[in-house]
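Presented below is the structure to which this report refers.
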Amino acid sequence: MKEMSSTMPSGQQPQKHYGITSAISLAPPREIDHQYTDKLCDAMKPFGVFEDEDELNHRLAVLGKLNNFVKEWIAEISELKNLPPSAISCVGGKIFTFGSYRLGVHTKGADIDALCVAPRHVERSDFFQSFFEKLKQHEEIKDLRAVEDAFVPVIKFKFDGIEIDLLFARLALQSIPDNLDLRGDSILRNLDIRCIRSLNGCRVTDEILYLVPNKENFRLTLRAIKLWAKRRGIYSNMLGFLGGVSWAMLVARTCQLYPNAVAATLVHKFFLVFSKWEWPNPVLLKQPEDSNLNLPVWDPRTLGRNNAPIL
Numbered sequence: 000m001k002e003m004s005s006t007m008p009s010g011q012q013p014q015k016h017y018g019i020t021s022a023i024s025l026a027p028p029r030e031i032d033h034q035y036t037d038k039l040c041d042a043m044k045p046f047g048v049f050e051d052e053d054e055l056n057h058r059l060a061v062l063g064k065l066n067n068f069v070k071e072w073i074a075e076i077s078e079l080k081n082l083p084p085s086a087i088s089c090v091g092g093k094i095f096t097f098g099s100y101r102l103g104v105h106t107k108g109a110d111i112d113a114l115c116v117a118p119r120h121v122e123r124s125d126f127f128q129s130f131f132e133k134l135k136q137h138e139e140i141k142d143l144r145a146v147e148d149a150f151v152p153v154i155k156f157k158f159d160g161i162e163i164d165l166l167f168a169r170l171a172l173q174s175i176p177d178n179l180d181l182r183g184d185s186i187l188r189n190l191d192i193r194c195i196r197s198l199n200g201c202r203v204t205d206e207i208l209y210l211v212p213n214k215e216n217f218r219l220t221l222r223a224i225k226l227w228a229k230r231r232g233i234y235s236n237m238l239g240f241l242g243g244v245s246w247a248m249l250v251a252r253t254c255q256l257y258p259n260a261v262a263a264t265l266v267h268k269f270f271l272v273f274s275k276w277e278w279p280n281p282v283l284l285k286q287p288e289d290s291n292l293n294l295p296v297w298d299p300r301t302l303g304r305n306n307a308p309i310l
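Letter by letter, the sequence shown follows residues 0 to 310 in numbering that gives the first Met the number 0.
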């Protein structure tokens, strides 16, 4: 799509720049736009797009239990590996979420994509053996199964009725603090490719949220676009359509181009923007960066195998 000039109401101060181009419009929402957004919410409610507060709190409680469970397991593994008590007391460990739940757009009954992050002395084999066995003993864990030979290895289970897909990554750190930020490229240093793949979901999700002007407008717009795509049978990367991350990126780019628009306007602009997009030009939320870690960076200009990428 050809870049269009920005428009900004007179007297309004310039705002933070988002994306790789200037915004198409900085116009603030009108009262009618807010009314249309309220109607959009009402139209989506019958389709189970929103969870009620009890369901949201249940998910938070389950994730809290799982986080404590992981810390307990890592402390036990650390003791078995003869770490000193002073190290065991602060070895940490943490559960991170990603995907629809982390983006804040999950639907009723949806599963949670999660990542177990452990320090360097905890091996992947520990996760799929001793942690798997520990999960077996937990009375609230059901339907437990491991898929160790997958492209991104995972343990799947239900925890108190909530379906969870749990990945694993060990970082080159002595301990995992509660305030660990996964967005920095330095955490990828000296990691094997399976850990990097496992971390990718969290890093991409957090980066998308960081790159949108207004998270709530983004979330409501994405809920609407996801519902539209699912109702039309085109929400599936396994079937050759777009998956969750791809739809999120397209919506995020729309938000960057109309940073002050509310959801009803953004849904309209989404179809306007991508009906006129000059494919196969990539949809970029930021310029690709080389982290100098000798890792592949997607760029069709330099990687021949990506000349015909599938989002």
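From the three backbone atoms N, C-alpha and C, an ideal C-beta is built for every residue, glycine too.
The structure displayed is predicted, hence computed values, not measured ones.
Can you look up Gly91 in the DSSP assignment and give me helix, strand or coil?
Within the sequence shown, the letter at position 92 stands for residue 91. Note: Gly91 maps to strand in three-state DSSP.
Taking all protein chains shown into account, decide if Ile94 is buried (16 or more other Cβ within 10 angstroms of its Cβ) or exposed.
Along the sequence shown, one-based indexing puts residue 94 at 95. Buried, because 16 or more other Cβ atoms sit within 10 Å of the Cβ of Ile94.
Any chance the stretch 208-222 sits against the stretch 173-180, with 3 or more Cβ pairs inside 8 Å?
no
Between Asp164 and Leu114, what straight-line distance do the alpha-carbon atoms span, to the nearest angstrom?
Residue 164 sits at position 165 when you count from the first residue of the sequence shown. Residue 114 sits at position 115 when you count from the first residue of the sequence shown. Straight across, the Cα-Cα distance linking Asp164 with Leu114 is about 8 Å.
With C-beta atoms as the reference, is Val61 less than 7 Å away from Thr106?
Locating residue 61 in the sequence shown gives position 62, where the first residue counts as 1. Locating residue 106 in the sequence shown gives position 107, where the first residue counts as 1. Taking 7 Å as the Cβ cut-off, Val61 and Thr106 do not qualify as a contacting pair.
For the alpha helix (DSSP H) containing Phe270, list its first residue and its last residue.
Locating residue 270 in the sequence shown gives position 271, counting from the first residue. From DSSP, the alpha helix (DSSP H) with Phe270 extends over Ala262 to Ser274.
Taking DSSP as the reference, what is the three-state secondary structure of Asp31?
Sequence index remark: in the sequence shown, residue 31 carries index 32 (1-based). One detail in the question is off: residue 31 reads as Ile in this sequence, not Asp. Ile31: helix per DSSP, three-state reduction.
Would DSSP call Val151 helix, strand or coil?
Position 152 of the sequence shown, counted from the start, is the residue given in the question as residue 151. It is coil, neither helix nor strand.
Who are the Cβ neighbours of Ala145 in its own chain at under 7 Å, not counting the five residues just before and after it?
Translated into positions along the sequence shown, residue 145 becomes position 146. If we look at Ala145 and ignore the five residues flanking it on each side, its Cβ neighbours are Phe127, Phe131 and Ile154.
Hey, could you find the ends of the alpha helix (DSSP H) Phe217 is sitting in?
Along the sequence shown, read from residue 1 onward, the residue named residue 217 stands at position 218. Annotation for Phe217: the continuous alpha helix (DSSP H) segment containing it runs Lys214 to Arg230.
Along the chain, which unbroken stretches of the alpha helix (DSSP H) at least 4 residues long are found entirely within the stretch 62-131?
Fully enclosed alpha helix (DSSP H) runs of no fewer than 4 residues occupy 84-87 and 98-102 of the stretch 62-131, in order along the chain.
Compare the C-alpha of Arg29 against each of Ala22, Ile23 and Asp37 and name the closest.
On the sequence shown, position 30 is the one that residue 29 refers to. Minimum Cα distance to Arg29 is reached at Asp37.
Quick one: any contact between the stretch 84-91 and the stretch 132-143, if contact means 3 or more CB pairs under 8 Å?
Below 8 Å, too few C-beta pairs join the stretch 84-91 and the stretch 132-143 to call them touching: fewer than three.
For Ser235, count neighbouring Cβ atoms within 10 angstroms of its own Cβ and tell me buried if that reaches 16, exposed if not.
Within the sequence shown, numbered from 1, the residue matching residue 235 stands at position 236. Counting Cβ neighbours within 10 Å, Ser235 comes out exposed, since fewer than 16 surround it.
Do you know whose CA, among Asp110, Ala117, Ser185 and Cys201, lies nearest Ser156's CA?
In the sequence shown, counting from the first residue as 1, residue 156 sits at position 157. Note on residue identity: the sequence assigns Phe, not Ser, to residue 156. Ranking Asp110, Ala117, Ser185 and Cys201 by Cα distance to Phe156 puts Asp110 first.
Touching by the beta-carbon criterion (3+ pairs, under 8 Å), the stretch 118-127 and the stretch 203-212:
no
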